[in-house]
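Per this note's numbering, the very first residue in the sequence shown carries number 668; after that it's consecutive.
Heads up, the beta-carbon is just placed ideally off N, CA and C, and yes, glycines get one too.
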Amino acid sequence: MENNELCFIKKHNTNNFVKLFASTLLTFVFLTQTITNLLANDTLVYQLKSTKHDSTKIRIYRELGASWKGKQTDTALFYYNKALGLIEKGKKNKQNKYQFAKTHVEIALLYTDIKLADKAKFHDSIALVTARAIDSPEILAKALNIKGIIYYLQGDYGPALNYYNKALNLVKKLGDKRFEAKIYSNMGIIQFMYGNMDSATIYFKRPISIAKKLGDKALLAGAYNNVGQLYYFMGDLSESASNYKKSKEIYIEIQDQTGVLMCENNLGNVYFAKADYLSALESYNTVIEINTSFGDKIELARTYHNMAQVYSRIGALLDATNNLLKSIEIKQKLGDKKGMAADYSFLGNMQANKNHPRKALEYYNKALNIHNKNNFIDGKSTLLSSIGSAYNILGITDSAEVFNERAIEISTSIGDKPNLSDHLSNLAQVYKKTSQYNKAIAYLNKSIELKKPIEDTEGLCNNYYLMANIYNSMATKSVEKADKQNKLEKAIFYATKSFKIAKAKDLINPISNASLELQKAYAASSNYKKALHFSNIHIQTADSLQKLAQTEAATFAEARWQAGKKQQQITFLEKQEKLQNELIASKEAENSKQKAFIFTLVAGLLVLLLSGGLIIYFIQKQRKLRHQQQLNKISSLKLENARNRVSPHFLFNSLNTVQNELGKNTEASQRLNAIVNMLRNSLLNIEKPSITVEQELDFVNNFILLQKAGFITDLQTEINIDKNFYQQKLPAMIMQIPVENAIKHGLAPKNGSNKTLKIEAKQNGAALKISISDNGVGRNAKQNAMPTKGTGTGLKVLSQTLHLLNSRNKEPILFSIIDLKNEENKNCGTKVEIVVVKKSLVIKK
């Protein structure tokens, strides 16, 4: 084992050195090109000052606008408007009108890049009118294509496809193959949005053939990138990565920085989809490092958004939030309103995943306001559905219903079948929560019919599971025996469908869900043999899920550690980026001496990058600190794992007892359900640092039921907990461990039949006070009584857990054990008191 770990470390360090060298080399290439671009801009500015012809000035202004496109939108618009000003002052001849229309086309394209459809529409309309007036099929084709892009951005796919076809007909007559290839890609996107994957693939692959015939490498690189994106959204990650790499190689060959960074970003997305979070972060960090040399703001904002997704997945929510705020800041400067809405939606999703629906709604509403003010349709249905889900979690089902219905209406109007099927499923869950089972079934059937043609097997698996769950719920409420059996048969039918899909796809969580529904349905049908079979599958898959969670936790910890290593370097690079932006902004006013200063600055930046990379790589002063942080995180994970474990010995014996009694005892099925509920609750709560009093009490009741059934038949219990306390949060297992100890070590060794366990909860000022008492033999007397099995691990783990939580909370959670005495000062039981102050109920992970 030690040798393997050493080999891993050597390989890891070697890979880091190779990546550092490759990144530095790529940065050097881009710096060289950036210097060339700066010189080109300087040349244009010099020509602008020296020329006297307006036609030349117009051309230079347009070229300067194009050079700033994607970097600084305001600067690009400044030069385009300068060109328009000169054109409007000139003669109203055909040539000037042509330049006028062409400039408006370029401005419209700039606005489509930052997804401002209304502004793009304004300039495109001017270009269309002018193109028709001067009879220019070239400009008309470009304007029609932009019109299609605008409708696509607004989520109106029918008109978008119509305008693409009009543009394509004109382009074919003009014989412009490059433009023809671009239109095919745009049409492929529409087919993809319609769910027509075969048609989408055909349209996306046509530009590859055209580019190869023309020998156009830039066009070929773009075509490979588009095909990579298609395969990515279709879920074929291997093909997606292959096409991205082909595209990246060509972009490097033709020295197109923007193209290379776009591919690197897309490769990062593939690694993220594969759960290779370290490689994803490496790709995104490479984009940020290189971007400092020339400042492609659009790609930089996209990278920050993608990095936020990785950080969110590995649990580093603060880093995720910071990256999203950086993305929003850049998009705000660029005027990318749609991008800002996407970031706010993502912030909302993060809060929803943390079970903070109210905070999620704050971010969702910010995104919705942007959509409403700018008439954005694309993505709006998903946002509305997310808002509906948040209201459903809060139990505000009327609002949940309204927002999901609006989402369905939009998806239906634009023919967005994949999202429509999801929204129908979400609305079904709202009706399920309100026990409107027939409506829920109707909407699930509609969702299933939509998912079948688009081959959304995982979506089908989930819908079939929901169907089974609904029919099981209906069966429990059925009075007539025949109706109940009919519902159970349907539950078995749909759960079996879900189970088969999950098995074929090796989806562990859906297998666990489907097997649980089958176990419930078969048990209710008195088919205990099959109920036990699926109960065993559910337990096995739950085991697998626990192991998977542990593996993911270790991976996330490693990813967070690697991300931390990069943070210092990223901060340094961002400072350099600000300095570089200031330098670029003042470039027009510089003379030849300032040009020399640029060379010195860029050379100095390169030296700093090389030196900084090597210093960061070899400095080990903070290594012990990082190592200790890792140990702390691992210890925390171990505590969580230990805290949520259920005694396998106890559960195994209980299952055997129930299994032997299935044919004899009518109460056996109740015990089996109790065991299954305990397993399910322990697995559901395994990653939760806190659960509600209701959830904890449910676990305790099941445990007591099993103890009464097979071990202490004369056990009496008194539970006095007001339902007002049910939603209060507690550390998981804080009641169950004392209850287990009271029964095993206090009441079980006691002679006689008077064995009583009391559980009470009272409001004590600003705190909730819970007491668990028994009239057993007491802590000292139990040593002389009959021996009981136990290692004392439960109280040790609980003590460690409380110590960890109290170190993070301002108000401590108090836990005390009191020996009860009778009038003769002899032990007559034990009492556990737990005091939780309200402020400490919000337990930080």
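Rounded Cβ spacing between residue i and residue j (contact assumed at less than 8 Å)
i            : j            : result
residue 920  : residue 954  : Not a contact, Cβ separation roughly 19 Å.
residue 797  : residue 768  : 4 Å
residue 1190 : residue 1177 : That pair is no contact at about 20 Å.
residue 775  : residue 813  : 5 Å
residue 1143 : residue 1101 : With 8 Å as the limit, residue 1143 and residue 1101 do not qualify as a contact, their Cβ atoms being about 16 Å apart.
residue 1402 : residue 1379 : Actually they do not touch by this definition, with Cβ atoms about 18 Å apart.
residue 1024 : residue 1060 : 4 Å
residue 1344 : residue 1369 : 5 Å
residue 987  : residue 1017 : 6 Å
residue 971  : residue 946  : That pair is no contact at about 18 Å.
Pairwise C-alpha distance: residue j and residue i
i            : j            : result
residue 1491 : residue 1384 : 25 Å
residue 853  : residue 834  : 11 Å
residue 1022 : residue 1058 : 12 Å
residue 1107 : residue 802  : 57 Å
residue 1394 : residue 1387 : 15 Å
residue 1420 : residue 1483 : 28 Å
residue 1037 : residue 1051 : 13 Å
residue 1010 : residue 790  : 27 Å
residue 991  : residue 975  : 6 Å
residue 795  : residue 807  : 6 Å
residue 752  : residue 761  : 17 Å
residue 1039 : residue 1013 : 18 Å
residue 1342 : residue 1205 : 12 Å
residue 1099 : residue 1194 : 27 Å
residue 842  : residue 880  : 14 Å
residue 740  : residue 1162 : 54 Å
residue 1066 : residue 1097 : 10 Å
residue 1035 : residue 1148 : 49 Å
residue 792  : residue 1175 : 53 Å
residue 1207 : residue 1346 : 11 Å
residue 981  : residue 948  : 11 Å
Cβ neighbours of residue i in the same chain (closer than 8 Å, five flanking residues each side left out)
i            : result
residue 859  : 867, 897 and 900
residue 828  : 815, 854 and 857
residue 1069 : 1055
residue 1513 : The requested residue 1513 does not occur in the structure, where the chain is confined to residues 668 to 1512.
residue 893  : 852, 855, 871 and 874
Within 7 Å, strictly: CB atoms of residue i and residue j
i            : j            : result
residue 1078 : residue 1087 : yes
residue 782  : residue 811  : no
residue 1095 : residue 1111 : yes
residue 926  : residue 951  : no
residue 851  : residue 870  : yes
residue 728  : residue 750  : yes
residue 1367 : residue 1406 : yes
residue 1085 : residue 862  : yes
residue 1004 : residue 1032 : no
residue 1015 : residue 1027 : yes
residue 772  : residue 809  : yes
residue 1114 : residue 1139 : no
residue 1441 : residue 1424 : yes
residue 917  : residue 964  : no
residue 1118 : residue 1126 : yes
residue 747  : residue 770  : yes
residue 1159 : residue 1188 : yes
Cut-off 6 Å between Cβ atoms - residues of its own chain near residue i, not counting five sequence neighbours on either side
i            : result
residue 1132 : 1165, 1180 and 1181
residue 1499 : 1405, 1439 and 1484
residue 1104 : 1137 and 1141
residue 784  : 817, 820 and 821
Cβ shell of residue i (< 7 Å), same chain only, five flanking positions each side left out
i            : result
residue 694  : Because residue 694 sits at a pLDDT of 46, beneath the cut-off of 50, its placement in the model cannot be relied upon, and the point is left open.
residue 823  : 1044 and 1081
residue 1397 : 1357, 1358, 1360, 1363 and 1503
residue 1093 : 1052, 1055, 1056 and 1071
residue 666  : With the chain covering only 668 through 1512, there is no way to say anything about residue 666.
residue 1417 : 1443 and 1444
residue 895  : 907, 910, 911, 914 and 933
residue 1435 : 1392, 1395, 1428 and 1503
Could you tell me which whole alpha helix (DSSP H) segments of length 4 or greater appear in the segment 787-858? Those alpha helix (DSSP H) runs which fall completely within the segment 787-858 and span 4+ residues are 804-820 and 824-841.
What are the start and end residues of each continuous alpha helix (DSSP H) run of 4 or more residues lying completely inside the segment 921-956, in chain order? For the segment 921-956, whole alpha helix (DSSP H) runs of length 4 or above, ordered along the chain, are 924-940.
Can you list the beta strand (DSSP E) stretches of 3 or more residues lying completely in the segment 1125-1164, in chain order? Runs of the beta strand (DSSP E) inside the segment 1125-1164: none found.
For the segment 1374-1450, list the alpha helix (DSSP H) runs that are entirely contained and at least 4 residues long, ordered along the chain. DSSP runs (the alpha helix (DSSP H)) wholly in the segment 1374-1450: 1403-1408 and 1445-1448.
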